[in-house]
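Some notes on the structure that comes next.
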Ligand code: NAD
Ligand code: WQD
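Residue numbers (full-length UniProt numbering): 1 to 338.
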């Protein structure tokens, strides 16, 4: 199934980007991956080939290199950009904020400039539920007030603002800001997944590493929240579902010029930390010893998505439940020295 459209995927060897590349290829798109490998490996391209039978073109490069971007757009006929490249660790963003603004905001401006020069106007952006800050109501609708609580969140908010201005001044742009909730899991083949460098920042990779014995204990950040069991509640969404949401968003953009969309991608259901631990133990058959420690600064008690807009506009709905998220994360954890 070829549709003769070519998509440039920045950050395409990373966790979410690599799954999007697979879904794009399987939907008939030609894909070019641009990544500086600051948080991924080029062996991901081999895994994408094993899964799809197609080798996407890989360009080793940085999104902040405007001259490189111009040459990529000149030498390829690109129809759309999916922009995953960026830095994503909330804690690190408070230590090196300038690096976050440079990669996430400056890097995005460089891409948009190169797209403008090349006449490419379809842009899918990796935003985050972090733009909602502390929820005033649940589920979180796209109209919820936006406020950042850390430099990482601020970069997402700034880029959303830039994209809104761009869409308002030139109605040729077709832009989708996809606000991810908590992406987890891995590809069902066990060939691509998340490989955090060092200590995982996020719950599920940490749980997987404890189940496999790589780490002795999980630290649960607080059990005195106003939730059913006192631990934090989140909307975990399978990375393959998330990747499929990007393909639907691209199809929507191709059909609708002059639109700037901001859409939640989640399941609409929240699970607590203890529920996720229990689900992982059931699937893996391994204990996940944990210790409750104090709350992590900046964490919200509960957060889940209103998914009505994704369903109505993008015709997208997450299909994979918590059990499959754990099964796929566990397969990835066991298969690889990642
Ligand atoms: P990731 O780190 O696995 O992937 C990002 C990729 O971008 C990596 O391969 C990295 O090498 C590359 N990269 C970083 N800076 C670059 C630069 N300057 N030039 C070229 N390549 C660069 O992260 P991910 O989890 O796949 O996240 C992808 C996007 O989704 C990010 O923008 C992130 O902020 C956003 N997001 C992630 C989550 C999450 O929980 N994983 C949630 C919401 C939003
Ligand atoms: C989930 C729950 C923790 C680790 C983060 C970013 C957000 C987005 C997704 C990029 C919370 C608890 C965690 C641990 C724990 N990323 N936890 N022990 O914080 O919802 O969202 O990733 O955009 O911006 O903030 O996800 O996986 O870190 O935490 O108890 O070792 O697990 O307190 O309740 P979070 P998370």
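For glycine and all other residues, C-beta sits at the position ideal for the given N, C-alpha and C.
- Here the C-alpha atom of residue 74 lies approximately 7 Å from the C-alpha atom of residue 118.
- DSSP places residue 182 within a strand segment (E or B) once states are collapsed to three.
- Each residue's CA atom was taken as its position, placing residue 43 and residue 205 some 20 Å apart.
- Here residue 10 is bridged, per DSSP, to 34, 83.
- Going by DSSP, residue 124 is part of no alpha helix (DSSP H) but of the beta strand (DSSP E) stretching over 122-128.
- Nearest to residue 24 by alpha-carbon distance, out of 282, 4, 150, is 4.
- Counted as a single uninterrupted DSSP element, the alpha helix (DSSP H) harbouring residue 246 occupies residues 239-255.
- Taking one beta carbon from each stretch, the segment 251-262 and the segment 173-181 have 3 or more pairs nearer than 8 Å; the two touch.
- Distances taken from the Cβ of residue 194 to the heavy atoms of ligand 1 include one shorter than 8 Å.
- Within the DSSP secondary-structure output, residue 260 pairs in a beta bridge with 175.
- Residue 293: member of the beta strand (DSSP E) spanning 290-293, first to last residue.
- Residue 192 carries a coil assignment under DSSP once its states are collapsed to helix, strand and coil.
- Contiguous alpha helix (DSSP H) elements confined to the segment 265-326 occur at 273-284, 308-314, taking only those with 4 or more residues.
- When distances are taken from the beta-carbon of residue 221 to the heavy atoms of ligand 2, the shortest one is below 8 Å.
- The nearest non-hydrogen atom of ligand 1 is 8 Å or more from the C-beta of residue 161.
- Cα atoms of residue 270 and residue 302: separation of roughly 8 Å, rounded to the nearest angstrom.
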